[in-house]
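Enquirer: The listed protein sequences derive, respectively, from chains Y and R.
Each residue of the first sequence is one higher than the one before, starting from 45 at the first, in my numbering.
Each residue of the second sequence is one higher than the one before, starting from 4 at the first, in my numbering.
For each residue, glycine too, the CB sits at the ideal point set by N, CA and C.
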Amino acid sequence: MRIQKIHLTNFRNFDDVDVEFGEHRNLILGANAQGKTNLLESIHILGVGRSHRDRKDANLVRFEEPFYRIEGIFEHIGVKTRIEVSYGEERKRIRINGKDAKPVDLIGLVGIVISSPDDIDLVKGSPGFRRTFLDMAISQMSKEYLVTLQRYVRALTQRNLLLRAAQERRIDASEATTWTQSVVELGAMVVRKRVAYLEEIVSQVSENFAFISGKTSDIKLTYDPRGYGIGEGTDIAVSLANALNAHSDLEIRRGHTLYGPHVDDFKLLSDDRDIRQFGSEGEQRTAVLALRCAETNAMGERLGRYPLVLLDDVFAELDEARAGALTALISKFDQIVLTSSRPARLADDDMHRITITGGRIG
Amino acid sequence: MLGSSDRIERLIQELTKMPTIGRRTAQRLALYLLKAPLEEVTALARAMIEMKKRVKYCSECGGITEQDPCVICCDPKRDRSVICVVEEPGNVIGVEKTGEFRGLYHVLHGRLSPLDGVGPEDLSVDSLLDRVKTLGIGEIIIATNPNVEGEATCNYVAGLVKPLGVKVTTIARGVPMGSDLDLADEVTLARAIEGRGEIK
Ligand SMILES: [Zn+2]
Numbered sequence: 045m046r047i048q049k050i051h052l053t054n055f056r057n058f059d060d061v062d063v064e065f066g067e068h069r070n071l072i073l074g075a076n077a078q079g080k081t082n083l084l085e086s087i088h089i090l091g092v093g094r095s096h097r098d099r100k101d102a103n104l105v106r107f108e109e110p111f112y113r114i115e116g117i118f119e120h121i122g123v124k125t126r127i128e129v130s131y132g133e134e135r136k137r138i139r140i141n142g143k144d145a146k147p148v149d150l151i152g153l154v155g156i157v158i159s160s161p162d163d164i165d166l167v168k169g170s171p172g173f174r175r176t177f178l179d180m181a182i183s184q185m186s187k188e189y190l191v192t193l194q195r196y197v198r199a200l201t202q203r204n205l206l207l208r209a210a211q212e213r214r215i216d217a218s219e220a221t222t223w224t225q226s227v228v229e230l231g232a233m234v235v236r237k238r239v240a241y242l243e244e245i246v247s248q249v250s251e252n253f254a255f256i257s258g259k260t261s262d263i264k265l266t267y268d269p270r271g272y273g274i275g276e277g278t279d280i281a282v283s284l285a286n287a288l289n290a291h292s293d294l295e296i297r298r299g300h301t302l303y304g305p306h307v308d309d310f311k312l313l314s315d316d317r318d319i320r321q322f323g324s325e326g327e328q329r330t331a332v333l334a335l336r337c338a339e340t341n342a343m344g345e346r347l348g349r350y351p352l353v354l355l356d357d358v359f360a361e362l363d364e365a366r367a368g369a370l371t372a373l374i375s376k377f378d379q380i381v382l383t384s385s386r387p388a389r390l391a392d393d394d395m396h397r398i399t400i401t402g403g404r405i406g
Numbered sequence: 004m005l006g007s008s009d010r011i012e013r014l015i016q017e018l019t020k021m022p023t024i025g026r027r028t029a030q031r032l033a034l035y036l037l038k039a040p041l042e043e044v045t046a047l048a049r050a051m052i053e054m055k056k057r058v059k060y061c062s063e064c065g066g067i068t069e070q071d072p073c074v075i076c077c078d079p080k081r082d083r084s085v086i087c088v089v090e091e092p093g094n095v096i097g098v099e100k101t102g103e104f105r106g107l108y109h110v111l112h113g114r115l116s117p118l119d120g121v122g123p124e125d126l127s128v129d130s131l132l133d134r135v136k137t138l139g140i141g142e143i144i145i146a147t148n149p150n151v152e153g154e155a156t157c158n159y160v161a162g163l164v165k166p167l168g169v170k171v172t173t174i175a176r177g178v179p180m181g182s183d184l185d186l187a188d189e190v191t192l193a194r195a196i197e198g199r200g201e202i203k
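1. Less than 8 Å between CB atoms is the rule here; does R/I15 satisfy it with respect to chain Y?
2. With burial defined as no fewer than 16 other Cβ atoms inside 10 Å of the residue's Cβ, what is the status of Y/P351: buried or exposed?
3. From the beta carbon of Y/A367, is the nearest beta carbon of chain R less than 8 Å away?
4. Looking at chain Y, is there any beta carbon in it that lies within less than 8 Å of the beta carbon of R/G102?
5. Determine the DSSP secondary structure at Y/Y196, reduced to helix, strand or coil.
6. Within the continuous beta strand (DSSP E) that includes Y/C337, where are the two ends?
7. Just to make sure I have the definition right: I need the residues of chain R whose C-beta is within less than 8 Å of the C-beta of Y/T260. Which are they?
8. On the three-state DSSP scale, how would you describe R/M180?
9. Can you grab the Cα-Cα spacing for the pair Y/E251 / Y/I274, in whole Å?
10. Which partner residues does Y/G116 have in the DSSP bridge list?
11. Which residue's Cα is closest to the Cα of Y/E345: Y/N82, Y/G152, Y/L333 and Y/Y131?
12. Y/E219 versus chain R: which residues are under 8 Å apart at the beta carbon?
13. Just the chain R side, please: which residues come within less than 8 Å of Y/T201 by C-beta, in chain order?
14. Counting pairs of beta carbons, one from the stretch 9-21 of chain R and one from the stretch 89-100 of chain Y, are three or more of them closer than 8 Å?
15. Can you tell me the Cα-Cα spacing of Y/I398 and Y/G406, whole angstroms?
16. Could you give the first and the last residue of the continuous alpha helix (DSSP H) run that contains Y/V246?
17. For chain Y, is any of its Cβ atoms less than 8 Å away from the one on R/E154?
18. Nearest by alpha-carbon distance to R/G102: which of R/R81, R/P149, R/G120 and R/L115 is it?
19. Taking the alpha-carbon positions, what's the R/V164 to Y/V227 distance?
20. What do you reckon, is the C-beta of R/P92 under 7 Å from a heavy atom of ligand 1?
21. Drop a sphere of 10 angstroms on the beta-carbon of R/T45, count the other beta-carbons inside from all chains shown, and report buried for 16 or more, exposed for fewer.
22. Quick check: does the Cβ of R/G106 come within less than 7 Å of any heavy atom belonging to ligand 1?
23. Does Y/R198 have its Cβ less than 8 Å from a Cβ in chain R?
24. Taking 8 Å as the threshold, find out whether the stretch 109-122 of chain R comes into contact with the stretch 192-209 of chain Y through three or more Cβ pairs.
25. Of the residues that make up the stretch 298-321 of chain Y, which ones have a beta carbon closer than 9 Å to any beta carbon in chain A?
26. Say the cut is 7 Å; is the CB of Y/I245 nearer than that to a heavy atom of ligand 1?
27. Enumerate in chain order the residues of its own chain whose CB-to-CB distance from Y/R113 is below 6 Å, with the five nearest sequence positions on each side excluded.
28. Does the distance from the CB of Y/G132 to the CB of Y/P110 come in under 8 Å?
29. Kindly indicate which three-state DSSP category Y/L382 falls into: helix, strand or coil?
30. Any idea if Y/N341 is buried or exposed, counting beta-carbon neighbours within 10 angstroms, 16 or more meaning buried?
31. Below 9 Å on C-beta distance, what does R/L115 contact in chain Y?
32. Rounded to a whole number of angstroms, what is the C-alpha to C-alpha distance between R/R27 and Y/L73?
33. Assuming R/V89 contacts R/V98 under a Cβ cut-off of 8 Å, what Cβ separation, rounded to an integer in Å, is found between them?
34. When you measure from the CB of R/I75 to every non-hydrogen atom of ligand 1, does any distance come out below 7 Å?
35. Just to confirm before moving on: does the CB-CB distance between R/I140 and R/V171 stay below 8 Å?
36. According to the neighbour-count rule (16 or more other Cβ atoms, all chains shown, within 10 Å of its Cβ), is R/T137 buried or exposed?
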């Protein structure tokens, strides 16, 4: 769906603003710290129910105000959808066309891909960044994945509580294993979906990588399970259960579940070299953008239309050639909202411009 | 505080002990009772006391009953070789409504959930094992709720019963994900009972 309008109340540095968007390419202009990223963040929240950079909604409320509220009007094939997300008095509320909804109800509605300079952590950062990438991308395409993931986290929480109780000798060690079966069954479902997703996007990532960098290389995305095997013909649930059972003493000493999709990772290889370790800064940035564009394509195929693409200052770090290639690559997407502090480089007449100064528009 | 009546405050505090009743709802209920005719309030109080005196849990299956053992446990036409295990007495009504199940029941009175402080010792599993042995049960259908806690409970019960040489089946996976057994419609539930899968 395309976003047509957004209304922000007490969100970050905005007190009360309305913003209108163009159908295709939108360029948000403004000096640093004026609110460009905050505006993108608000669109992201409407699309997936939460911020891409801050888990605590209380942090998103404007200083000394009691609540924030975001309301957006989206459109697809002539049908308008109103989405509202608000937070106040420690309660978050999502409404779709005036009816109360849950985050899972947003799945398949808008579809959002966001990229920012922090995305470099997708390559350089800790495994948690890569797990979040997979979870956000797959969840937006599959309600089933999101529900399975939520159930996995729930089972994991229950099991960890028992492991901690066993660590403190409040319960018998054998009781903790009651939850092992649930954890490994749900965990295996999560892992299988993640592996399938990486297989689905790898050729796109490879093409995009070649297009942006201007040279062909053999790109591989390999799922990296920690402490258990997932090779061809492996029953993942059994393999994970074996790993947990073999380290049950250690699990009780540590007081939490040691293996499973909550600690796994994936690797990005270029000509069999790990880009994380051996890639140049340019290669790493290219890999991230190739991933994000592949995410957009995969989601587009699943939803039957391109998701809304939010690009936060992604051109700033690219050289002329790569910036040009990226511009060409994203031109096939439907609606894009870009931010930039340097208008000259990107601006062309077809772009809808939005200028932000100190939390005000225009 | 509502006005200056300690009696209203006492009622509000009693009502707040009930599930899903917060302080605001309790206040509304108290004010409603204050306004209502005395006969209506007396009838309510009497209904509560009579229910509490007369209705109990069946000493065999744990279901709700006024006679002990309950009508289902006493019914000679029921298949006494199959037990359907459920979490709460309310689930018995749900499965009965499908008309597909003609065996006996066993109510666990809970589900495993460390988050809520519920462990194996809080469930009626010992009495289930006793019944399996004394009644010569051939099949156990585990119909716990199809959520994370229900499935963990199902795994736990299956692990205890299987060593007794009983066939264990589950309906949990036939019911839509994330739903409660109570909320599953009768058709879905009936189909789930017919198409139940054995736990190996
Ligand atoms: Zn009974």
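Expert: Taking the definition as stated:
1. Cβ-Cβ to chain Y under 8 Å: no for R/I15.
2. In summary, Y/P351 is buried, with 16 or more beta-carbon neighbours lying within 10 Å of its beta-carbon over all protein chains present.
3. Taking Cβ atoms only, chain R never reaches closer than 8 Å to Y/A367, which makes this a no.
4. So, not an interface residue.
5. Y/Y196 falls in the helix class under three-state DSSP.
6. Per DSSP, Y/C337 lies in no beta strand (DSSP E); the unbroken alpha helix (DSSP H) holding it starts and ends at E325 to L347.
7. Near Y/T260 there are no residues of chain R at all, since even the closest Cβ is about 43 Å away, more than 8 Å.
8. Low per-residue confidence applies at R/M180: pLDDT is 46, beneath 50, and the placement is therefore not dependable, though the value from the model is reported in the following sentence. Note: R/M180 maps to coil in three-state DSSP.
9. Roughly 27 Å between the two C-alpha positions.
10. According to DSSP, Y/G116 shares a beta bridge with Y/I50 and Y/I127.
11. Nearest to Y/E345 by C-alpha distance, out of Y/N82, Y/G152, Y/L333 and Y/Y131, is Y/G152.
12. By Cβ distance, chain R contributes G122 and P123.
13. Here the neighbours are L118.
14. Counting C-beta pairs closer than 8 Å gives fewer than three between the stretch 9-21 of chain R and the stretch 89-100 of chain Y, which falls short of the contact rule.
15. Computed Cα separation, rounded: 7 Å.
16. Its alpha helix (DSSP H) spans residues T224 to S257.
17. It does: the Cβ of R/E154 has a partner Cβ on chain Y nearer than 8 Å.
18. From the listed residues R/R81, R/P149, R/G120 and R/L115, the smallest Cα separation to R/G102 is found for R/R81.
19. Pairing R/V164 with Y/V227, the inter-Cα distance amounts to about 21 Å.
20. Within the chosen limit of 7 Å, ligand 1 does not reach the beta carbon of R/P92 with any heavy atom.
21. By the neighbour-count rule (16 or more Cβ atoms within 10 Å), R/T45 is not buried but exposed.
22. The answer is no for R/G106.
23. Chain R contact via Cβ: present.
24. Counting Cβ pairs under 8 Å, three or more are found: they touch.
25. Protein chains in the displayed structure are Y and R, and chain A is not among them.
26. False, no ligand heavy atom lies under 7 Å from that Cβ.
27. Within the same chain, and ignoring the five residues on either side of Y/R113 in sequence, the residues whose Cβ sits closer than 6 Å to its Cβ are T53 and S130.
28. With contacts defined as CB atoms closer than 8 Å, Y/G132 and Y/P110 qualify as a contacting pair.
29. Three-state result, Y/L382: strand.
30. Its Cβ being crowded by 16 or more others within 10 Å, Y/N341 is buried.
31. Close partners of R/L115 in chain Y (Cβ separation under 9 Å): Q202, T222 and W223.
32. Rounded to the nearest angstrom, the two C-alpha atoms are 48 Å apart.
33. A Cβ-Cβ separation of about 7 Å places R/V89 in contact with R/V98 under the 8 Å criterion.
34. For ligand 1, at least one heavy atom lies less than 7 Å from the Cβ of R/I75.
35. One thing to note: R/I140 has its Cβ no nearer than 8 Å to the Cβ of R/V171.
36. Taking every protein chain shown into account, the CB of R/T137 has fewer than 16 other CB atoms within 10 angstroms, so this residue is exposed.
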